[in-house]
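One structure is given here, and the rest of the page talks about it.
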Amino acid sequence: MKDDQLTPGRRVLLRAAAVLGLGAASGCADTGRSDAPRPTASAGTPAGGPQAARAHRPSAYRLQPMAGYGPPRAARALPRVRKAPILRMPGRDRSMVLTFDDGPDPRYTPRILRTLRKHDVRAVFFVCGEMAVDNKDLLREMADDGHLIGNHTWSHPLLTRLGRAPMREEIERTCDVIEDATGEYPAWFRAPYGAWNRNAFQLGAAFGMEPLAWTVDTLDWTEPGARTIERRVRAGAGPGVVVLSHDAGGDRSASVEALRSYLPELLDSGYRITLPSHYLT
Numbered sequence: 270m271k272d273d274q275l276t277p278g279r280r281v282l283l284r285a286a287a288v289l290g291l292g293a294a295s296g297c298a299d300t301g302r303s304d305a306p307r308p309t310a311s312a313g314t315p316a317g318g319p320q321a322a323r324a325h326r327p328s329a330y331r332l333q334p335m336a337g338y339g340p341p342r343a344a345r346a347l348p349r350v351r352k353a354p355i356l357r358m359p360g361r362d363r364s365m366v367l368t369f370d371d372g373p374d375p376r377y378t379p380r381i382l383r384t385l386r387k388h389d390v391r392a393v394f395f396v397c398g399e400m401a402v403d404n405k406d407l408l409r410e411m412a413d414d415g416h417l418i419g420n421h422t423w424s425h426p427l428l429t430r431l432g433r434a435p436m437r438e439e440i441e442r443t444c445d446v447i448e449d450a451t452g453e454y455p456a457w458f459r460a461p462y463g464a465w466n467r468n469a470f471q472l473g474a475a476f477g478m479e480p481l482a483w484t485v486d487t488l489d490w491t492e493p494g495a496r497t498i499e500r501r502v503r504a505g506a507g508p509g510v511v512v513l514s515h516d517a518g519g520d521r522s523a524s525v526e527a528l529r530s531y532l533p534e535l536l537d538s539g540y541r542i543t544l545p546s547h548y549l550t
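Each residue of the sequence shown is one higher than the one before, starting from 270 at the first, in my numbering.
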């Protein structure tokens, strides 16, 4: 059958098909559009107009409760609230813990770190926030070497003279500096001057920290000289002993020199210098 022989109804059908074909070709030529099917409008929303940007999926960050101005922290297992600090580590093996307070100090802390690194020994550094905030590189060096970083408050106050709110600020600010520098919250807390009270124990535990004191005090803060410091460490050496020294807060040259002497002697005598976290139960 020729075109001029088509019935009027058939001509209408063919013309409609041609129009639809042109529309489809025009749509395929728009290469800027996605081949994926468009989302249909949900009930109660307008179907016309440009598509709204897809809403981002709620992240875990936004679903967590916020506290203060810092990022949310993962839940941590909290230690029990103690009534007295830990003075020594349990066990009868020849192991000891070395601790250094008040730093970090760029004059002395790097020298102590070099000595510990030379003998492949780990220690605990109880840092003050006001010292740590300007020496985060030293905190990272401590962490990279495997040392523990403990909280020694922000400004080294006598905690027993502080109310709960200012005490919390002293502790929390230092925790934040340590976490910012190393990515880890401290697990150990030491009260300045060894002055503890109920609030100190409660707040330390609330921040996930155990209270660690000491067994042997070198009294190096009085600057007695390297030989006296060495003698005090040797006399107090024993299983589970925790030794207190300082890497800041004054002239700590004698503390640095003493460590170079007594550390290899302790190791040669069969002592193992370890970390308190090994004893956490």
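We treat Cβ as the ideally placed atom computed from N, Cα and C, and that holds for glycine.
message: Quick check on this structure: which residue in D371, G509, S364 has the alpha carbon closest to the alpha carbon of W423?
response: The shortest C-alpha separation from W423 is found at D371.
Separation of D537 from P461, as counted between CA atoms: The straight-line gap from Cα to Cα measures roughly 32 angstroms.
query: What are the start and end residues of each continuous beta strand (DSSP E) run of 3 or more residues lying completely inside the region 339-380, in chain order?
result: Counting only runs of 3 or more, we get 364-370.
field: A495 beta carbon less than 8 angstroms from that of V350
entry: In this structure, A495 does not lie closer than 8 angstroms to V350 by Cβ.
message: According to DSSP, is V390 part of a helix, a strand, or is it coil?
response: Secondary structure of V390 (DSSP, three-state): coil.
task: Quick one: grab the DSSP three-state call for R541.
output: Strand at R541.
message: Measuring straight from C-alpha to C-alpha, what distance separates R409 and Y454?
response: Across the structure, R409 and Y454 are spaced so that their CA atoms are roughly 13 angstroms apart.
query: Under the rule that 16 or more other beta-carbon atoms within 10 Å means buried, what is T491, buried or exposed?
result: Sixteen is the threshold: since fewer than 16 other Cβ atoms of the shown chains lie within 10 Å of the Cβ of T491, the residue is exposed.
message: Measuring straight from C-alpha to C-alpha, what distance separates D362 and H388?
response: Looking at the two C-alpha atoms, the distance is approximately 20 angstroms.
task: Out of V393, D449, I447, E479, state which residue places its alpha-carbon closest to the alpha-carbon of H416.
output: When only C-alpha atoms are compared, the closest one is V393.
- prompt: So which of N420, A517, R541, D449 has the shortest CA-CA distance to P379?
  reply: For the set N420, A517, R541, D449, the Cα lying nearest the Cα of P379 is the one of A517.
query: Is R302 helix, strand or coil when you go by DSSP?
result: Confidence in R302 is poor, its pLDDT being 36 and thus under 50, which makes the residue's placement unreliable; the coordinate value appears in the next sentence. It is coil, neither helix nor strand.
task: Leaving out five residues on either side along the sequence, give the residues of the same chain with a beta carbon under 8 angstroms from the beta carbon of G539.
output: In the same chain as G539, and ignoring 5 residues on each side of it, the C-beta atoms closer than 8 angstroms to its own belong to R363, in chain order.
- request: Under 8 angstroms by Cβ, that's how I've got A464 and L428 pegged, so tell me the actual separation to the nearest angstrom.
  value: Yes, A464 and L428 are in contact; Cβ-Cβ is about 6 angstroms, under 8 angstroms.
query: Where does A523 land, buried or exposed, given buried means 16+ other C-beta within 10 angstroms?
result: A buried status is given to A523, since no fewer than 16 other beta-carbon atoms sit within 10 Å of its beta-carbon.
query: Helix, strand or coil for V402 per DSSP?
result: Correct three-state label for V402: coil.
C-alpha gap between R383 and E479, whole angstroms: Going by the C-alpha atoms only, they are around 27 angstroms apart.
message: Taking only three categories from DSSP, how would you classify G463?
response: The answer is helix: DSSP assigns G463 an H, G or I state.
query: Helix, strand or coil: how does DSSP classify L536 here?
result: Assigned with DSSP and collapsed to three states, L536 falls in helix.
- request: Could you tell me which uninterrupted beta strand (DSSP E) segments, each at least 3 residues in length, are contained entirely in the region 402-430, listed from first to last along the chain?
  value: Qualifying beta strand (DSSP E) stretches, in chain order: 417-420.
Alpha carbon of E448 to alpha carbon of R459, nearest angstrom: Taking the straight line joining both Cα atoms gives about 17 angstroms.
message: Quick check: the Cα distance between R552 and L528, rounded to an integer number of angstroms?
response: Lying before the first or after the last residue shown, residue 552 is absent from the chain, which here runs from 270 to 550.
- prompt: Distance, Cα to Cα, M358 vs L532?
  reply: Going by the C-alpha atoms only, they are around 19 angstroms apart.
is_contact[P545, chain D] using C-beta, thresh 8 angstroms: No chain D is part of this structure, which consists of one protein chain only.
- prompt: Less than 7 angstroms between the CB of G463 and some heavy atom of the ligand FMN, yes or no?
  reply: This structure lacks the ligand FMN; in fact it carries no ligand of any kind.
task: Using the Cα positions of G210 and R541, report the straight-line distance between them to the nearest angstrom.
output: Here the chain has residues from 270 to 550 only, and residue 210 is not among them.
query: How many Å lie between D223 and A434 at the Cα?
result: Outside the shown range of the chain, which is 270 to 550, sits residue 223, and nothing can be said about it.
- request: Identify the continuous beta strand (DSSP E) that holds S514 and give its terminal residues.
  value: S514: member of the beta strand (DSSP E) spanning 510-515, first to last residue.
task: Using the Cα positions of P354 and F470, report the straight-line distance between them to the nearest angstrom.
output: One C-alpha to the other measures close to 8 angstroms.
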